[in-house]
Structure formats: C-alpha cells, structure tokens
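Residue numbers (the working numbering): 25 to 288. So the structure is just underneath, and the comments pick up after that.
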C-alpha cells in the first residue's frame, strides 16, 4: 500500500477496534446491571467493563494469550447451560414474515451483521501470529483460526436466534428485551436462581476477554502511525483507548447504549 496509504488502513482499524470494544462494554454493562437487579446503573456497569478490558490489554500479549487459551471453556459450558434453561421456549416452528424480497433482504442484513462482527479479527490476527514459530504448519494456523471464529460464531448465533423466537411468545422475555439485551440473557437463566446469575457473570467476563485483544491490537496499530507514536509506550495507548471507550459510553450526545437498546 505504501507508507502514507497504510496509515489510512491503520486509522480505520483503530476506529473499528474501538467501536467493537465500545459495543462489547455496553453489552457487558447490560449483563452486569441485570444481575445486580438494576441497582447498578448501566453507565457504571459499562465503565467497569471498559476498565477490565483496558487492564487486560495493558498487561500485554502474555496475559491476553493465557486468557484466550482457556477462557472459552467456561463460556462453552455456560452456553450449553443456557440451552438447557431456555431451549424449551425456542419456537422452532417460527416462519419468516414478509414477501420473498423482504425475507431475502432480512437474511442478507443478518449475514452482514454477523460478518461485520467478526471481520475485525482479520486486521488483528497478524499481531498474534507474529509470535508463532517460523516453521509452524500453515494449515494448522488456517484451520484453528477458521474453526475458532466461525464455529463459535455460528453456534452462538443459532442460540441467539432461538432466544429471539421466544421473545414474542414469552411475556417475561419480551419485557426483559425491552429493557436491554443483557436483561434478556439474564431472564433466560431465571429458572436457575442464583446459579443463573453466576452464569450471566461468566458470559460478561467472556465479553471482556473477547474485547481485550482488540484494545491490545488497536494500541499497536496506533504505534504504526509514525515514529512519534512508536516512542509512546503501548500501555499509554491502551489507557487512552479505554478512556475513549468510556467517553463514548458515558458522554456521547444521544447516549450510544440507548441507541443500541432501541435498535431493531
């Protein structure tokens, strides 16, 4: 791309990772608030999530790698618990509504939404693969990356679609959905009592570990913008990114979290 054009790609990557991290903070904050029974405000929950993400990213690749290596295990277990708790309310007989053009457009929009949520990992992959041995088999790198991203995304979204089919039919789910996505997730575990709240906390921690690599890579990307940026320690950029995410959550004019909650 060349020296100057590459800076455009760097800026786009920083915006993408910060945006992804901000949305992750909001979803995490919603879950924390739901578990707390609404006693903790959404803004405070989002700030807690942002600080945790920034703290992990500041520690560096070693800690990020350790979390990512084992963090998926409790997440997978909780997802199966979620299926067991809420699966009976999934409406597998639900049909698509609208004419063929509307249905196809909705499907394309859903695919674009899912694709956009994971395409950001393409930009940050090199920040982690650079630590691999030079003789590491390429097919293992490809297979582990592809399966690690797509299998988890497809599985999680199938569960999400199942929950969505139950929202119109279960009044408690519909009421929770009108509050936030985090409240809906919490309601799906309602039959498990305190253990259900524990499961929601595990999912919230999973959102934090998912976003930590993004903040870490965004800081590295900023250092590529020029010699002046490279002279500034990476931890400083991680702190700055965290501050930006908090400001987007807490002070943006139209309140970003409310926009996301009310989005169709």
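By construction, the Cβ of each residue, glycine as well, lies at the ideal position given by its N, Cα and C atoms.
Supposed close pair residue i, residue j - CB separation, criterion 8 angstroms
i: residue 71; j: residue 274; result: 7 angstroms
i: residue 221; j: residue 59; result: 5 angstroms
i: residue 69; j: residue 57; result: 5 angstroms
i: residue 266; j: residue 118; result: About 40 angstroms; that fails the 8 angstroms criterion.
i: residue 212; j: residue 106; result: 6 angstroms
i: residue 49; j: residue 148; result: In fact, because the Cβ distance is near 17 angstroms, the residues do not count as touching under 8 angstroms.
i: residue 264; j: residue 99; result: With a Cβ gap of about 29 angstroms, residue 264 and residue 99 do not count as contacting.
i: residue 34; j: residue 249; result: 6 angstroms
i: residue 186; j: residue 111; result: 7 angstroms
Residue i - containing alpha helix (DSSP H), residue span
i: residue 237; result: 218 to 247
i: residue 152; result: 124 to 153
i: residue 118; result: Run containing residue 118: none; DSSP gives neither H nor E here.
i: residue 171; result: 162 to 190
i: residue 193; result: That residue, residue 193, is in no alpha helix (DSSP H); it is neither H nor E in DSSP.
i: residue 48; result: 27 to 59
i: residue 98; result: 96 to 110
i: residue 260; result: 258 to 274
i: residue 79; result: 66 to 83
i: residue 210; result: 205 to 212
i: residue 63; result: Note, residue 63: premise wrong, no alpha helix (DSSP H); not H, not E.
i: residue 358; result: It is not possible to answer for residue 358, since the shown part of the chain is limited to 25 through 288.
Buried versus exposed, by CB contacts within 10 Å (16 or more), residue i
i: residue 36; result: exposed
i: residue 195; result: exposed
i: residue 252; result: exposed
i: residue 240; result: buried
i: residue 168; result: exposed
i: residue 61; result: exposed
i: residue 175; result: exposed
i: residue 271; result: exposed
i: residue 51; result: buried
i: residue 63; result: exposed
i: residue 8; result: Because residue 8 is not part of the residues shown, which for the chain are 25 to 288, the question remains open.
i: residue 215; result: exposed
i: residue 143; result: exposed
Inter-residue Cα distance where the pair is residue i and residue j
i: residue 171; j: residue 141; result: 16 angstroms
i: residue 54; j: residue 40; result: 21 angstroms
i: residue 83; j: residue 246; result: 17 angstroms
i: residue 180; j: residue 165; result: 22 angstroms
i: residue 31; j: residue 114; result: 47 angstroms
i: residue 116; j: residue 103; result: 18 angstroms
i: residue 163; j: residue 233; result: 26 angstroms
i: residue 158; j: residue 203; result: 50 angstroms
i: residue 235; j: residue 101; result: 20 angstroms
i: residue 120; j: residue 134; result: 13 angstroms
i: residue 132; j: residue 123; result: 14 angstroms
i: residue 259; j: residue 243; result: 8 angstroms
i: residue 269; j: residue 230; result: 18 angstroms
i: residue 182; j: residue 189; result: 11 angstroms
i: residue 46; j: residue 262; result: 14 angstroms
i: residue 146; j: residue 255; result: 26 angstroms
is_contact[residue i, chain B] using C-beta, thresh 8 angstroms
i: residue 157; result: No chain B appears in the structure shown, which is made up of a single protein chain.
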